[in-house]
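Quick note: the sequence shown uses the UniProt record's numbering, first residue 1, plus one each step.
Step one of this worksheet: look at the structure below.
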Amino acid sequence: MLITDDFLPVPVPESLSATYLVPMAGLPRVSPKTAVRALAGRLADPVYGLATQMLDSPLMSVDTRTIDEFPQLPPDLLTAFGATEAQLGRLAAASHLVVVRAEYRPGWPPAHEWAARAVAAAVAESVDGDVVDVFGLQFLDPATALRSLPDAQGRIRLVDWVLVPYSSDSEGLWFTTKGLRRFGMLELQTQGVPDHLTRAWGAVLTGAARRLLRDWTDGLAGEEVPAFVQLPVLATVTGHDIAVAYGNPEQHGATAPVLLRLELDPATDPEADSFLSLRPPPGHPGPDGRYYATACATLFSGIEPDVRYARSGDAMSRAIATARAGLDDIRARFLADGLPPESQLVVKYGLPGDDGPEYVWAGVNSWDSPERIVGASASDANTDPTVRIGSPVVVPVAEVVDWAVLDGTGVIEGGWTQAVLDAGERPHPTH
């Protein structure tokens, strides 16, 4: 194996395993094979075939045990990863667990994960129960588990398989991934992320996971499993990587790539996990947090995806009025391809919330009707769980309060309300 300064050799495990549980009161109603047959026509052929084949092979086991035979699952961690009171209640009332285990070699497809999750979902559906993903310590209802499995083209949303938890310390936020080890790869981490980038950096790390996972599986494409896969020391992340990871490949925007340096951070405790750390590239001046903020500004079209609420006052009122007065002109320029090359038009609009409107940004894809804009969200919304980074949105023009033209450096025109929020400055129309 060639080792250079451009690549980092990452060890490959010999085999991978997946474990899923189905808690139930009493014994299963049907056999696993019968449960899986009920999914015929509802699962994409690659997954349905994998599940049925692995059920008939030594690579998968499905056992029913009494609840006392399995180590107790930690309720506090299950709650931290989204378990509801109803799900915890059903677990507490369960007398038995169906334990689905599968093993497979590292590489793509991750047959152990896809097949085990499919079989567990089929068994859970047969008893109106839940699936517990032991690796992620997550409850999944059967419908959610089935939706996370690949489509006929083998595509998945990485966010259904990789979580990005974070915690806070004196240096800022510490982000990690939880799910890349399903595919044999080390988890990613970033330390010292500024607090105001909570949403943004979670998306960036998800996009980085998508890009590096592709490099990882490419390195495992041969017939023999290698001892190491060489990952690039300087990894690139784009808006397209983020959009694909969130399941919206067509909503990728034209963002410049961001460079991140990959470092191996081996665990000193044999019981702890090693990580791949993402840091600024060599030669970056100033603190790491400043680079992370710049990276987010680049990937999210020059505007932070963190939710901002409009402040009342004359300056904000004038900013909104200035932006709205220019809507007809900016639409005409957009439709006539009159905007600067390699630029993007974004609009800010309000979503209804209990504490007043929540203002978020969206990239403009089409504006055929004067009354509505079709685009892609540039941020996750607090008030509407369907509005996620890269998700398609339809914006009534009557609800638009600002617009901006962006290039790789940030806002080059417009953005009057953002100027008021960021700097407290009075808006001045640009020409």
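For each residue, glycine too, the CB sits at the ideal point set by N, CA and C.
Pick from the options that is closest to residue i, judged by C-alpha positions
i	options	result
E358	V420, V100, S379	S379
D241	D195, L299, P266	L299
R105	L186, Q72, E223, L173	E223
V36	P74, P280, A122	A122
V162	A245, A336, Q191	A245
A336	W367, D6, T236	W367
H284	R261, S274, L188	R261
S167	P280, L91, G192	G192
D218	F175, W108, T34, T84	W108
S61	L351, L259, F334, A18	A18
R147	R117, P341, L97	R117
V127	S170, A38, P280	A38
P287	R65, H112, P194, E69	P194
A209	L197, L16, R181	R181
F113	D68, P352, A325, L59	In the sequence as presented, Phe is not what sits at residue 113; that position holds Glu. Closest option to E113, Cα to Cα, is L59.
L278	L339, W174, G247	W174
P352	R157, D56, L158, T383	T383
R157	T322, P75, F139, G247	G247
N-terminal and C-terminal residue of the beta strand (DSSP E) that residue i is part of
i	result
P46	P46 -> not in any beta strand (DSSP E); alpha helix (DSSP H) instead, spanning 45 to 55.
T98	The sequence shown places Val at residue 98, rather than the Thr named in the question. Its beta strand (DSSP E) spans residues 96 to 104.
G350	344 to 351
Q72	That residue, Q72, is in no beta strand (DSSP E); it is neither H nor E in DSSP.
P9	7 to 11
L186	Neither: L186 is in no beta strand (DSSP E) and is coded neither H nor E.
T64	60 to 66
V132	131 to 133
Reduced DSSP secondary structure (H/G/I, E/B, other) of residue i
i	result
Y246	coil
P226	coil
E263	strand
D380	coil
W403	strand
L16	strand
A235	strand
M24	strand
V387	coil
V397	helix
W161	coil
D215	helix
E425	Unreliable placement is indicated for E425, whose pLDDT of 39 sits below 50; the coordinate value is still reported in the next sentence. The answer is coil: DSSP assigns E425 none of H, G, I, E or B.
L327	helix
A362	strand
L173	strand
Residues near residue i in its chain [Cβ-Cβ closer than 7 Å; skip 5 each side]
i	result
D63	V99
S377	V360, A362, V387, R388, I389, G390, S391, V393
A40	Y48
V395	V347, Y349, A362, R372, I373, G375
P165	T176, K178
T66	S95, H96
A273	A small correction: the amino acid at residue 273 is Asp; Ala does not occupy that position in the sequence shown. For D273, where only same-chain residues beyond five positions count, the Cβ hits under 7 Å are E187, A267.
V364	F334, L345, V346, V347, I373, G375
A93	A25
N- and C-terminal bounds of the alpha helix (DSSP H) containing residue i
i	result
S277	Taken as a continuous stretch (DSSP letters only), S277 belongs to no alpha helix (DSSP H), being part of the beta strand (DSSP E) at 275 to 279.
S126	111 to 126
G36	Before going further, note that residue 36 is Val rather than Gly in the sequence given. That run of the alpha helix (DSSP H) goes 32 to 37.
E85	85 to 93
L299	288 to 299
T144	142 to 147
Residues near residue i in its chain [Cβ-Cβ closer than 6 Å; skip 5 each side]
i	result
E14	none
A115	L50, A51, M54, A102
V420	A315, M316, A319
A120	Y20, V22, V100, V131
E125	P142
P110	F183
L91	P23
Contacting residues, own chain, Cβ-Cβ under 8 Å from residue i (five flanking each side not counted)
i	result
V10	M185, L186, W216, F228, V229, Q230, L231, L264, L276
V397	L327, P370, E371, R372, I373
residue 432	Residue 432 lies beyond the range of the chain shown here (1 to 431); nothing can be said about it.
D6	P232, V233, L234
I330	L345, W403, V405, G414
P226	M1, V12, G219, L220
R324	V400, V401
Neighbour flag for residue i against chain B, beta carbons, 7 Å
i	result
A116	The structure shown contains no chain B; it holds only a single protein chain.
Any non-hydrogen atom of the ligand PLP within 6 Å of residue i CB
i	result
Q344	Among the ligands in the structure shown, none appear at all, so the ligand PLP cannot be discussed.
Next item on the list: Check whether the region 72 to 86 touches the region 37 to 48, counting contact only when three or more Cβ pairs, one atom from each stretch, lie closer than 8 Å.
Entry: Contact fails: fewer than three Cβ-Cβ distances are below 8 Å.
Margin query: Whether or not the region 124 to 133 and the region 150 to 159 are in contact is what I'm after, with contact meaning three or more pairs of Cβ atoms, one per stretch, closer than 8 Å; do they touch?
Written below: No, they do not touch.
Checklist line | the region 230 to 240 / the region 17 to 35 touching (three or more Cβ pairs under 8 Å) | finding: Counting C-beta pairs with one atom in each stretch, the region 230 to 240 and the region 17 to 35 have fewer than three that are closer than 8 Å, which means they do not touch.
Note to self: Under 8 Å, with one C-beta from each stretch per pair, do the region 199 to 207 and the region 285 to 297 reach the 3-pair mark?
What the structure shows: Counting Cβ pairs under 8 Å, three or more are found: they touch.
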